[in-house]
Amino acid sequence: MTLNYSTPVVNPRLGSGFAIFASTYTCLVLLLIILEQLGLAVQTVDLLIVTVPALFYIAIGFMTRTTGADDFFLAGQRVPPFYNALALCATVFGGSILLGSIGAFFFDGIDAIAILLGCFAGLILTGVLFVPHLRKAGANTLPGFLHLRLGSTRARVVAALLMIVPAAIVLAAEVALGGKILGFLLPLPQMLGIGLAPAAFYAALVCVCLFLTVALGGMRSATWTQAAQFVVMLSILAPLISVSVMRTNLPLPQLTYGAELEELKTLEAVRGLVAISQPSTLSETLPGTAPSAIMRPSERAFSAYSPMSFLLLIVCLAAGIAANPAFVPRLSTTPTILSMRRSFGWVAAIAALVVLTIPAYAFFNKAMAVEALVGVPMPSLPAWSRLLQHLGLVSLPGNQFDPMNAAHSVTFQRDSLALILPIAGGLPRVFFGLTAASALAAIAASASAQLLAIANSVADDLYGGFLSKSATPGRRLLIARFTMLVLCAAVFVASQSRNVDSLRWVIAAFSLSAGTFFAVLVLSVWWRRLTAIGAIAGMVAGFAVTALYLNASGRPFMGVDPLTAAALGIPASFGAAILISLILGRPSEQVLEAADELRIPAGETLQSRVLRLATRAKAQR
Amino acid sequence: MSYEDAKQAYWRQIRRLTMLMTLAVAGSMLLVPLFMPALNSYRFLRFPLGYFLTGTASLIALAALLYAFFNGQQKNDRAYNVTLQF
Chain A
1 MTLNYSTPVV NPRLGSGFAI FASTYTCLVL LLIILEQLGL AVQTVDLLIV
51 TVPALFYIAI GFMTRTTGAD DFFLAGQRVP PFYNALALCA TVFGGSILLG
101 SIGAFFFDGI DAIAILLGCF AGLILTGVLF VPHLRKAGAN TLPGFLHLRL
151 GSTRARVVAA LLMIVPAAIV LAAEVALGGK ILGFLLPLPQ MLGIGLAPAA
201 FYAALVCVCL FLTVALGGMR SATWTQAAQF VVMLSILAPL ISVSVMRTNL
251 PLPQLTYGAE LEELKTLEAV RGLVAISQPS TLSETLPGTA PSAIMRPSER
301 AFSAYSPMSF LLLIVCLAAG IAANPAFVPR LSTTPTILSM RRSFGWVAAI
351 AALVVLTIPA YAFFNKAMAV EALVGVPMPS LPAWSRLLQH LGLVSLPGNQ
401 FDPMNAAHSV TFQRDSLALI LPIAGGLPRV FFGLTAASAL AAIAASASAQ
451 LLAIANSVAD DLYGGFLSKS ATPGRRLLIA RFTMLVLCAA VFVASQSRNV
501 DSLRWVIAAF SLSAGTFFAV LVLSVWWRRL TAIGAIAGMV AGFAVTALYL
551 NASGRPFMGV DPLTAAALGI PASFGAAILI SLILGRPSEQ VLEAADELRI
601 PAGETLQSRV LRLATRAKAQ R
Chain E
1 MSYEDAKQAY WRQIRRLTML MTLAVAGSML LVPLFMPALN SYRFLRFPLG
51 YFLTGTASLI ALAALLYAFF NGQQKNDRAY NVTLQF
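Here it is, written out as structure tokens:
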């Protein structure tokens with residue numbers, strides 16, 4: 001028996017490459033701080049801090065261009081554990097989750113931890129349920145994995161078609177959010193002589209940047225840009241730590257924001273800010289895109305979401321992330337099984353850092369905003385409140401004749417809340433751009449992962465695996481790039497719709513991927529008896545139930561909120577997959593053999609076994 | 001022990017480990033938050049205790065448990081001679 005032991009060699013100069021990138025970025029920030037003090041216009045500061053990292057991503061995308069299918073679909077399977085973890089964390093905690101959860105903490109108090117716990121639990125669950133087995137399969141995409149495990153082209157095609165929906169929803173949400181954030185920093189298109197509406201112009205910029213970063217190198221480009229984007233995301237710590245030192249004398253915001261919670265509790269009591277303290281349904285309570293005032297207490301548990309909504313939200317997000325078609329290929333990109341385990345060790349540590357940091361950021365932000373703005377008479381408002389209003393971050397209604405009336409009706413916008421902290425902390429303008437740049441990095445990381453997931457699946461599963469099985473790798477790469485182009489155009493159009501609510505859309509998309517794929521993925525690893533037709537039934541049933549319930553109106557069924565529709569979709573999917581598998585036939589010997597192979601994390605991968613057998617069959621003919 | 005028996009025994013060990021870990025994930029992510037209202041009247045490092053346990057302590061505990069879980073898997077691989085690892 002010949003075994004494929006060729007372990008790809010990791011680039012030994014990666015560390016120095018990233019060190020150079022990180023130091024260049026730090027130098028840029030420091031330089032801009034100095035130039036700002038010397039009188040550089042704030043518009044130029046904003047422009048540079050956003051465009052330079054974006055040019056870096058495009059340059060990395062260009063430098064990692066490839067014509068090899070291995071590199072394009074799985075980054076050559078030679079990503080070291082730490083960088084794989086960085087890329088995975090950057091994609092999971094995308095812009096919608098980052099900005100959306102900061103907003104949710106702001107409006108809903110500590111209950112919003114459910115969103116972050118869901119993401120964290122999803123990553124841990126992936127590590128527990130799928131790590132060695134999916135690496136052992138070595139598939140390019142989630143549908144490709146089902147094909148290797150169940151030997152069925154039909155299952156592969158169904159999965160490839162179904163996965164487009166959740167991935168495209170996340171993509172559109174991220175692009176719309178990216179356009180919104182860019183609007184705070186870049187000049188209006190009219191000033192550049194471009195006759196587009198501002199929203200369309202900024203969203204188009206995001207789409208073009210996304211296409212340029214991943215089109216040339218596929219997963220390889222995505223991996224290295226996402227790792228770089230995580231470095232930029234981390235720069236959100238700079239304003240946070242500065243503010244933490246100013247307010248608590250300690251540079252450890254993750255452990256000191258308890259004091260801010262205490263202060264918020266006092267402020268809310270003294271100024272009478274709490275108008276609602278009873279939970280209602282999740283869809284109603286989750287803050288929307290419209291500007292709104294603070295009405296709920298900061299630190300009363302289950303005052304925004306009921307315990308059931310809280311738990312179901314965690315379950316849906318966790319299952320949705322563990323079975324997300326955009327994250328599953330990440331489980332095949334490291335050289336060995338051991339390095340995949342190591343990678344998830346890093347994932348746990350990095351994700352824990354992110355999950356500890358986001359609430360710290362949100363509550364420092366909220367404490368400063370509430371202290372200075374909410375319930376404060378007009379004449380006592382600080383000078384920077386005018387700047388916030390000018391930038392469109394808050395609205396301070398009222399007039400000088402009735403100053404007390406205005407005090408309680410300060411409204412904030414969910415998606416731009418994170419930008420308040422550097423201004424409220426009195427930091428140099430660079431930090432405002434830095435915060436926006438890290439949000440944009442998160443947006444780009446998540447969006448490029450979803451873009452790539454759809455394009456790779458269309459090229460490898462629908463085209464290469466079904467329509468034209470003899471397609472050359474070059475042809476598949478061309479199809480993938482063409483799909484990206486079409487997708488970018490489609491997503492640009494979708495992001496222009498008025499009612500894009502990025503947080504809700506992302507939660508709904510994770511719910512959808514949980515309902516569709518979680519049960520089938522779990523069963524394909526942990527239940528030998530699963531058949532292809534059972535898997536198809538499971539995916540279709542889960543997708544149908546989740547999608548129908550997501551769009552349902554009227555009274556919630558058994559108290560399940562539409563956003564957590566996967567709570568119904570996952571059981572439906574499990575039920576359908578198990579029942580149909582048991583009723584309709586038994587899996588063939590080859591399928592059982594693949595199931596057994598998957599259990600042993602050694603030897604050759606399923607993917608290379610299929611390739612070897614195909615080569616041998618061709619030689620015999 | 002025959003090859004088939006060894007394979008079965010290996011898989012039983014892996015399944016047991018995974019079940020334990022899944023229970024730990026479910027416990028720390030779904031049970032701990034339920035104690036928030038009861039514990040939030042106490043404070044720890046100026047945080048409400050229930051929230052601190054949910055949002056900080058259980059995360060760190062779970063991350064540490066994942067290390068232990070992977071160590072367990074590696075040890076199991078070695079014990080059953082799954083050594084041709086790529």
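Top to bottom, those sequences are chains A and E. Those letters in the first sequence? Residues 1 to 621, by the numbering used here. Those letters in the second sequence? Residues 1 to 86, by the numbering used here. Ideal Cβ positions, reconstructed from N, Cα and C, are used throughout, including at glycine.
Identify whether residue i lies in helix, strand or coil by the three-state DSSP scheme.
i        : result
A/Val394 : strand
A/Arg555 : coil
A/Ser588 : coil
A/Ser416 : helix
A/Ile236 : coil
A/Gly39  : coil
A/Val560 : coil
A/Leu252 : coil
A/Ser244 : helix
A/Arg644 : There is no way to answer for residue 644 of chain A, as the model of chain A reaches only from 1 to 621.
A/Ala304 : coil
A/Gly100 : helix
A/Ala155 : helix
A/Leu47  : helix
A/Thr141 : coil
A/Pro297 : coil
A/Pro601 : coil
A/Gln278 : coil
A/Val323 : Looking at the sequence itself, residue 323 of chain A is Ala, so the reference to Val does not match. A/Ala323: coil per DSSP, three-state reduction.
E/Leu34  : helix
A/Val315 : helix
A/Lys136 : helix
A/Ala480 : helix
A/Leu381 : coil
Please classify residue i as buried or exposed, where buried requires at least 16 other C-beta atoms within 10 Å of its C-beta.
i        : result
A/Trp527 : exposed
A/Asn140 : buried
A/Asn456 : buried
A/Glu284 : exposed
A/Glu593 : exposed
A/Glu589 : exposed
E/Met19  : exposed
A/Pro297 : buried
A/Thr334 : buried
E/Asn71  : exposed
A/Pro397 : exposed
A/Thr67  : exposed
A/Val92  : buried
E/Glu4   : exposed
Who does residue i pair with in a DSSP beta bridge?
i        : result
E/Pro48  : E/Arg43
A/Ser292 : A/Phe412
Terminal residues of the continuous alpha helix (DSSP H) containing residue i?
i        : result
A/Ile72  : Going by the sequence as given, residue 72 of chain A is Phe instead of Ile. Ala69 to Leu74 is the span of the alpha helix (DSSP H), which, as asked, contains A/Phe72.
A/His118 : Correcting the residue identity first, residue 118 of chain A is Gly in this sequence and not His. Ile113 to Leu129 is the span of the alpha helix (DSSP H), which, as asked, contains A/Gly118.
A/Tyr361 : Ile337 to Leu373
A/Ala85  : Pro81 to Val92
A/Pro329 : Element bounds for A/Pro329: n/a, residue is neither H nor E.
A/Val270 : Gly258 to Arg271
E/Asp77  : Ser58 to Ala79
A/Val610 : Leu606 to Gln620
A/Gln77  : Premise fails: A/Gln77 is in no alpha helix (DSSP H) and is neither H nor E.
A/Glu284 : Leu282 to Thr285
E/Met21  : Tyr3 to Ala26
A/Leu568 : Ala566 to Ile583
Which whole runs of the alpha helix (DSSP H) in the segment 166-242 of chain A are 4 residues long or more, in chain order? 198-214 and 218-234
Which parts of the segment 416-459 of chain A are runs of the alpha helix (DSSP H), unbroken and 4 residues or longer, counting only runs that do not cross its ends? 420-424 and 429-457
What beta strand (DSSP E) runs, 3 residues minimum, are completely inside the segment 483-554 of chain A? none
At 4 residues or longer, and completely inside the segment 11-37 of chain A: list those alpha helix (DSSP H) runs for me, N to C. 14-37
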